[in-house]
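What follows is a set of notes on a single structure, which appears directly below.
Number of protein chains: 2
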Amino acid sequence: MNRALSIRSNKKESNTPSSGRRGFGLSSLRGAAQPELSKKLFKLIKSENILVQSYEAAGKERISIASQLSDWGEATNDDAVSDISDKVGVLLSELGEQEDLYAHNLDDSRAILKAIRNTEKSVQPSRNHKAKIADEIAKLKSKEPESARLVTLEQELVRAEAENLVAEAQLTNITRQKLKEAYAAEFAATIERAEKQIILARHGRRVLNLLDDSPVVPGDVRGAWEHSNQARQILNDAEDDLKDWQPELGDVSSNANLDHASLSQHQHQRQQSMETSAETDAGMTDAGMIAGEGTTHGGSHRSSGSSVVTGVQQNYASSEVPQSVAA
Amino acid sequence: MNRALSIRSNKKESNTPSSGRRGFGLSSLRGAAQPELSKKLFKLIKSENILVQSYEAAGKERISIASQLSDWGEATNDDAVSDISDKVGVLLSELGEQEDLYAHNLDDSRAILKAIRNTEKSVQPSRNHKAKIADEIAKLKSKEPESARLVTLEQELVRAEAENLVAEAQLTNITRQKLKEAYAAEFAATIERAEKQIILARHGRRVLNLLDDSPVVPGDVRGAWEHSNQARQILNDAEDDLKDWQPELGDVSSNANLDHASLSQHQHQRQQSMETSAETDAGMTDAGMIAGEGTTHGGSHRSSGSSVVTGVQQNYASSEVPQSVAA
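Protein chains in written order, with my numbering: chain A, 40 to 366; chain B, 40 to 366.
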């Protein structure tokens, strides 16, 4: 692993669609329809799918090769080669099954990443909505500083900012939790495949050792095959070892769902601060209130406290804020 | 591995091309041009190529995903996620490199199998040639038992049988030696990939453990990222562990090239028996000689003693016996 300690691409990618180094053909159109925020992860999840398919293909091919090897061995009419090729075939076939299991585990890990992508997708309209209202207010203030619409817009902005604060909290919570979960699962799957395949490969080499490859001279007849019981025993050993296999992983700990106690306490404090500012909420009219709302109204969607943790409400932003607003 | 202890396909495949379960498209025409003897291995070697390509694709995709993950992490503007995703990306990228190395090792193992296939291919004409002459003799004996051509044909048959004996010895020697060699290499490659990927995945899980995924409530700010040195140290550890990696394999022993001593002795004995029968060789005319030639003339291609071991002369059968004779 003689490489730099970062693999980040140094060239800052511009946001034009042409900057994508990978051609997606038709599906790149769907990628382009993604909000900017979720585009990278959208592509990554597509790439993970190609990875999953590669391993599925490898597993399938491995199993086919195993069967072909066994059939070839039988056709040699050499009892030793026939038995060895069949036993090696059984082990290769199980290598293929493990490859297929790995593909499925990668697919599960990939599904976890989708939670981040979906949250990113739902946060983008919330950001856009907030920016749009702030923009409208700025324009209106310079053109019609006395407009009665300013009051309504500023109320809207406070609501939009409060909503966005919740969305951003959901995003960071989901991002960290799911990033950790997805790759912990992916590494665990890598270790499982590796440990099981080591078992199979080591027994495979034992099987091969039963085959006498001393050369014969023309006309000599090979001795009878005497190791069929041993070969069978090796398969039994391999099966037992696989059955006994247990994951021995250091935990990847998660606090994502452990912090209810401190969170409740937090919420309690916020609730108190909410109550002191409740009446101001109703009639907020000045710019000071808007600027200060970041800390004051942070907890205004109080019910979302739990959704931050569970991600249950992660789509509400997009349902509350129509796409047309974001355009 | 809860499976039968054999994976042999029980249905006896007929030798018609339609019995192949796998469609090869255009390349199946090339397969059909293979002599019967090498057809199964020809197909197996093609399947191994698909396997190699699957792992190459997986390695390439893994490296691409690693880079995408790092870039995505940077775009989150969360220092912790940015650093973690970059470090995880480095480890994933190396997982991909190991996958690519595995593909190349499989390809090397596949090349070893080709030696068997080539020998099979060269033995087929020798078998056909022998059978054809025996057939001609049988026909001639029933039609013209006094034909002077019988003498010539019977001489030809003795030569063809001697040549075929050598070819069959070459086939069994190459088959056993290369089967053992190819799959010992394949299992060794599987163990190498597995052990190195376990190193990478375990360090990957250590990196993930640095990421605090405790949920924040809206408006909270995440603490500063304090683990960048630790993350970097984990990559150093992974690199050191990979450098220190050594294969720890029980040998798959081969006698393929160790038996020169006993082989020479063998040849010496054969040479003596050759000398006692030398004069009969010159004027052999009776059916008894032909029937008995299996043991007497086994060593007649004496120079092929070494080619049995090395496979150097494995193609001589097809060069001595034109394809037209085999048809």
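Note that beta-carbon positions come from the ideal geometry of N, C-alpha and C, so glycine has one too.
All figures in this text were calculated on a predicted structure; none of them were measured in a lab.
For chain A, check one thing: does any of its Cβ atoms lie closer than 9 Å to the Cβ of residue i?
i	result
residue 73 of chain B	no
residue 198 of chain B	no
residue 161 of chain B	no
residue 286 of chain B	no
residue 275 of chain B	yes
residue 259 of chain B	yes
residue 140 of chain B	no
residue 169 of chain B	no
residue 20 of chain B	Beyond the ends of chain B as shown, which are 40 and 366, falls residue 20 of chain B; an answer cannot be given.
residue 227 of chain B	yes
residue 290 of chain B	yes
residue 207 of chain B	yes
residue 150 of chain B	no
residue 251 of chain B	yes
residue 125 of chain B	yes
residue 194 of chain B	no
residue 212 of chain B	yes
I'd like the list of long-range same chain contacts for residue i, defined as Cβ closer than 7 Å, with 5 residues on each side in sequence excluded.
i	result
residue 276 of chain A	242
residue 223 of chain B	291
residue 249 of chain A	123, 266, 269, 270
residue 173 of chain B	196
residue 142 of chain B	91, 94, 95, 98
residue 236 of chain B	134, 137
residue 175 of chain A	192
residue 146 of chain B	91
residue 156 of chain A	77, 80, 81, 84
Mind checking whether residue i and residue j have CB atoms under 9 Å apart?
i	j	result
residue 215 of chain B	residue 106 of chain A	no
residue 446 of chain A	residue 261 of chain A	Any answer about residue 446 of chain A is impossible in this case: the structure gives chain A only from 40 up to 366.
residue 125 of chain B	residue 113 of chain B	yes
residue 202 of chain A	residue 168 of chain A	yes
residue 274 of chain B	residue 166 of chain B	no
residue 159 of chain A	residue 80 of chain A	yes
residue 148 of chain A	residue 97 of chain B	no
residue 284 of chain A	residue 225 of chain A	no
residue 133 of chain A	residue 218 of chain A	no
residue 186 of chain A	residue 129 of chain B	no
residue 259 of chain B	residue 295 of chain A	no
residue 108 of chain A	residue 83 of chain B	yes
residue 104 of chain A	residue 278 of chain B	no
residue 208 of chain A	residue 152 of chain A	no
residue 281 of chain A	residue 227 of chain A	no
residue 232 of chain A	residue 131 of chain A	no
Check whether chain B comes within 9 Å of residue i, counting only Cβ atoms and requiring the distance to be less than that.
i	result
residue 164 of chain A	no
residue 46 of chain A	yes
residue 262 of chain A	no
residue 154 of chain A	no
residue 219 of chain A	yes
residue 158 of chain A	no
residue 89 of chain A	yes
residue 314 of chain A	Caution is warranted here: a pLDDT of 41 is assigned to residue 314 of chain A, below 50, making its placement in the model unreliable, and the coordinate value is therefore given only provisionally. So, not an interface residue.
residue 306 of chain A	Unreliable placement is indicated for residue 306 of chain A, whose pLDDT of 45 sits below 50; no coordinate value is reported for it.
residue 294 of chain A	yes
For residue i, which residues in the same chain have their Cβ closer than 6 Å to its Cβ, ignoring the five residues on either side in sequence?
i	result
residue 367 of chain A	Residue 367 of chain A lies beyond the range of chain A shown here (40 to 366); nothing can be said about it.
residue 210 of chain B	158, 162
residue 121 of chain B	112, 113
Excluding the 5 residues preceding and the 5 following residue i in the sequence, name in chain order all residues of the same chain whose CB lies nearer than 8 Å to its CB.
i	result
residue 180 of chain B	189
residue 73 of chain A	81, 160
residue 230 of chain B	286, 288
- Task: With 8 Å as the limit, tell me which residues of the segment 229 to 248 of chain B have their beta carbon closer than that to any beta carbon of chain A; keep them in chain order.
- Result: 229, 230, 232, 233, 234, 236, 237, 239, 240, 241, 243, 244, 245, 247, 248
- Query: Closer than 7 Å, Cβ to any Cβ of chain B: which residues of the segment 100 to 119 of chain A, in chain order?
  - Reply: 100, 101, 103, 104, 105, 106, 107, 108, 109, 110, 111, 113, 114, 115, 117
- Message: Along the segment 172 to 192 of chain B, where does the CB come closer than 7 Å to a CB of chain A? Name the residues.
- Response: none
- Where in the segment 234 to 284 of chain B do unbroken runs of the beta strand (DSSP E), each at least 3 residues long, occur, reported from the N-terminal end onward? none
- Message: Just to confirm the assignment: which complete alpha helix (DSSP H) runs, minimum length 4, are found wholly within the segment 73 to 134 of chain A?
- Response: 75 to 114
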